[in-house]
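Only one structure is covered here, and it is reproduced in the block below.
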Amino acid sequence: MGFTDTHLIPLVDQGLGNSAYLVDLSDGRALAVDASRDLRDLHAAAGRRGLSVAYAADTHLHADFVSGALQLAHDTGATVLASAAGHRAFDHRGLADGDEVDLGGLTLRALATPGHTDEHLSFLLLDGGRELGVFTGGSLIVDSAARTDLSGGDRTEPLARAQYRSLRRLTALPDAAAVWPTHGAGSFCSAPPGAERTSTIGAQKRTNPLLAASDEDTFVRELLASLGTYPAYFDRLSEVNRLGPAVLTAPPQLPGLDAGQVEALLDGGGHVVDVRPAVDYAAGHIPGALSIPLRDQFATWLGWLLPDTVPLALVTGPAQDLDEIVRQSYKIGYERLAGHLTGGMPAWSAAGHPVATTAFATADRAPAGTYIDVRQQAEYTAGHVPGALNLELGELAARAADAPTGAVVACGHGERAMTAASLLERAGRTDLTVLQGGPADYAAAHGHRLKHDTPRDKQ
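First residue of the sequence shown: 13, per my numbering; consecutive thereafter.
This is how it looks when you write it as structure tokens:
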């Protein structure tokens, strides 16, 4: 068995599409790489092996989650390792290109690999002179490279060119060296769907299409063409991580609120988020509440669709995990959680408050009106109902006026479509039907064949 099998523990966040890593240093200590603020799995993995986290390394200033490095420094006394060029405003060991950290038998070497961010480092793990693998963060990722447009439009192309040079530097490592990226399938930091989460340098040379680019200009053109939209909270979270998030000294709670308190919160400019399954929201919800069903992707859509500057009240179902709501919210920096509606929707109704409903129909019962597809453009391009209007969920609030009357709103299953309908209802549109299913279901029920766009279609 190799090092990866015996000493490296990947910790995958399926919702955000990222991986953190815990490295057993064989002396009771561990190295954590790109840990998020939700440290449950990391602490559990360390506990099973009797490890104490001695080092917490961050490859870059993360835009998609709150770093857990500072929390680990508080919890275990870990030394935070990060780029000196990141100018973090808290105690850490700042590293520059070529700097090495003695881990006690193993060595961690910092490699400057700008591109995803200006201050990005990759961390090469060495056993003596042997390169075991490299934590590539948002530089080289499996079959792709992370996006370069998070620092502003004027930096996108220069960072893409830096990314080209960084990938060439990494692929100069031995073919057998492992590649341990942070961003993986499901990450809006750009990873192809279905990709493996780890690889080797040799495998990436064979399979990564960006590495096959004939020159720098071609690489830049292909990378930039692959960039889709990304959650709004990405634009502010890297600064949170630079300043240092608040250290939690006790698990945050989600207190109970009565119907009057929830009503007052709404009247005062707060938001109500309904985390129940889409079918429950459709059957009856607080007017103006935003539907974001509690699942792995909850944090992404919360951070995309609502600000972090106003209080939030949650409507939950009887069996839903309040702690999970808190953990997902806090890992993207959403801490203004006023509480949850005690007793749920029955309590709201019993207090005499109005209840709204949303039409939710299977494909055979959905009307044959205009079809609004709220999936990402790449999903839409891969197969959609002929004539469908693609209005991405993340952009829908600003484009509510573009939604035609009497439309069917759809995604892949129904969750995002219900979120879309709740946004449109808040904009005064109550004549919509949400599809319980996806485009293939609708096409089959209405005698259509899915349309697959080609590059020429998009010109």
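C-beta: ideal position from N, C-alpha, C; glycine also.
Next item on the list: Kindly list the residues whose CB is nearer than 6 angstroms to the CB of Cys-423, restricted to its own chain and excluding five residues on each side of it in sequence; keep chain order.
Entry: Cβ within range, chain order: Val-386, Arg-387 and Ala-429.
Margin query: Using a Cβ distance threshold of 8 angstroms, determine whether the stretch 359-375 contacts the stretch 390-397, with at least three qualifying pairs required.
Written below: By the Cβ test, the stretch 359-375 is not in contact with the stretch 390-397, since fewer than three Cβ pairs between them sit closer than 8 angstroms.
Next item on the list: Classify Pro-379 as helix, strand or coil using the three-state DSSP reduction.
Entry: Pro-379: coil per DSSP, three-state reduction.
Check: Would you report the Cα separation of Ala-101 and Thr-382, rounded to the nearest angstrom?
Finding: Pairing Ala-101 with Thr-382, the inter-Cα distance amounts to about 51 angstroms.
Checklist line | Separation of Val-35 from Leu-306, as counted between CA atoms | finding: Distance between the alpha carbons of Leu-306 and Val-35 is about 31 angstroms.
Item checked: Neighbour-count burial assignment, Val-146, 16 or more Cβ in a 10 Å radius -> By the beta-carbon neighbour count (other beta carbons within 10 angstroms, threshold 16), Val-146 is buried.
Check: Which parts of the stretch 41-119 are runs of the beta strand (DSSP E), unbroken and 3 residues or longer, counting only runs that do not cross its ends?
Finding: Listed in chain order, the complete beta strand (DSSP E) runs (minimum 3 residues) inside the stretch 41-119 are 41-45, 64-69, 91-95, 105-107 and 112-114.
Next item on the list: To the nearest angstrom, report how far apart Lys-470 and Glu-234 are at their CA atoms.
Entry: Any reading at Lys-470 must be qualified, since the residue scores a pLDDT of 40, below 50, and its modelled position is unreliable; the value itself is stated next. Their Cα atoms are separated by approximately 15 angstroms.
Notebook entry, point to check: So is Val-191 buried or exposed if we call it buried at 16+ other beta carbons inside 10 Å?
Noted result: In the assembly as shown, Val-191 is a buried residue. Its beta-carbon has 16 or more other beta-carbons within 10 Å.
Check: Is it true that the CB of Ser-178 sits closer than 9 angstroms to the CB of Leu-136?
Finding: No, Cβ-Cβ distance for Leu-136 and Ser-178 is not below 9 angstroms.
Next item on the list: Would you mind sorting Asp-103 into buried or exposed? The rule is 16 or more other CB atoms within 10 Å of its CB.
Entry: Around the Cβ of Asp-103, a 10 Å sphere holds fewer than 16 other Cβ atoms; the residue is exposed.
Item checked: Cβ-based burial, Lys-217 [other Cβ within 10 Å; buried from 16] -> So Lys-217 counts as exposed.
Next item on the list: Would you tell me roughly how many angstroms separate the C-alpha atoms of Val-480 and Pro-289, rounded to the nearest one?
Entry: Because residue 480 is not part of the residues shown, which for the chain are 13 to 471, the question remains open.
Notebook entry, point to check: Leu-269 and Leu-277: beta carbons closer than 9 angstroms?
Noted result: Cβ distance < 9 angstroms, so Leu-269 and Leu-277 count as in contact.
Margin query: By DSSP's criteria, Ser-341 is part of a beta bridge. Which residues make up the other side?
Written below: Ser-341 pairs with nothing; no bridge assigned.
Notebook entry, point to check: Excluding sequence positions up to five away, which residues of its chain have a Cβ less than 7 angstroms from the Cβ of Thr-374?
Noted result: The residues are Gln-448 and Gly-449.
Item checked: Close Cβ partners of Gln-340 (< 6 angstroms) along its chain, the five nearest in sequence each way excluded -> Closer than 6 angstroms at the Cβ level, and outside the excluded window around Gln-340, lie Phe-310 and Ala-311.
Next item on the list: Could you tell me whether the Cβ atoms of Ala-75 and Leu-23 are closer together than 9 angstroms?
Entry: Contact: no.
Next item on the list: Could you tell me the distance, in whole angstroms, from the CA atom of Glu-208 to the CA atom of Gly-214?
Entry: If you draw a straight line from the Cα of Glu-208 to the Cα of Gly-214, it comes to about 15 angstroms.
Note to self: With three or more C-beta pairs closer than 8 angstroms as the rule, is the stretch 162-180 touching the stretch 27-41?
What the structure shows: No: fewer than three Cβ pairs fall under 8 angstroms.
Margin query: In the DSSP assignment, the alpha helix (DSSP H) including His-19 goes from what residue to what residue?
Written below: It spans 15-19 - the alpha helix (DSSP H) in which His-19 sits, taken as one unbroken run.
Note to self: Taking a contact to mean a Cβ-Cβ separation below 9 angstroms, would you say Thr-431 touches Trp-313 in this structure?
What the structure shows: Yes, they are a contact pair.
Check: Okay, do the stretch 280-287 and the stretch 319-336 touch, 3+ Cβ pairs below 8 angstroms being the bar?
Finding: Cβ pair count under 8 angstroms is three or more, so yes.
Notebook entry, point to check: What separation, rounded to the nearest whole angstrom, lies between the Cα atoms of Asp-453 and Gly-198?
Noted result: When only Cα atoms are considered, Asp-453 and Gly-198 end up about 23 angstroms apart.
Check: Using the C-alpha atoms, what's the distance from Thr-125 back to Ala-2?
Finding: Past the boundaries of the shown model lies residue 2; the chain is included only from 13 to 471, so the question cannot be answered.
Check: Since Trp-316 sits in a beta bridge, which residues does DSSP pair it with?
Finding: None, per the DSSP bridge assignment.
Check: So is Thr-370 buried or exposed if we call it buried at 16+ other beta carbons inside 10 Å?
Finding: Counting the other Cβ atoms within 10 Å of the Cβ of Thr-370 gives 16 or more, which makes it buried.
Item checked: Nearest to Val-92 (by Cα), restricted to the options Val-78, Val-45 and Gly-116 -> Looking from the CA of Val-92, the closest CA among Val-78, Val-45 and Gly-116 belongs to Val-45.
Item checked: Whole-angstrom distance between Pro-170 and Ser-31, CA atom to CA atom -> So the alpha carbons of these two residues sit roughly 27 angstroms apart.
Margin query: Check for me: the beta strand (DSSP E) holding Glu-275 runs from which residue to which?
Written below: The continuous stretches of beta strand (DSSP E) do not include Glu-275, which lies in the alpha helix (DSSP H) extending over residues 271-279.
Margin query: Classify Gln-83: buried if its beta carbon has 16 or more other beta carbons within 10 angstroms, exposed otherwise.
Written below: So Gln-83 counts as buried.
Margin query: The beta strand (DSSP E) that contains Ser-134, what's its start and end?
Written below: 133-139 is the extent of the beta strand (DSSP E) around Ser-134.
Note to self: Taking 9 angstroms as the threshold (C-beta atoms), are His-132 and Gly-149 in contact?
What the structure shows: Taking the C-beta atoms as reference points, His-132 is found nearer than 9 angstroms to Gly-149.
Item checked: Chain-order list of residues whose beta-carbon lies under 6 angstroms from that of Gln-273 (same chain, five-residue window excluded) -> Result list for Gln-273: empty, nothing under 6 angstroms.
Next item on the list: Could you name the residues of the same chain whose beta carbon sits closer than 7 angstroms to that of Phe-246, not counting the 5 residues immediately before and after it, in chain order?
Entry: Ala-75, Asp-76 and Leu-162.
Notebook entry, point to check: Could you give the distance in angstroms between the alpha-carbon of Gln-175 and the alpha-carbon of Leu-222?
Noted result: Rounded to whole angstroms, the gap between the alpha carbons of Gln-175 and Leu-222 is 11 angstroms.
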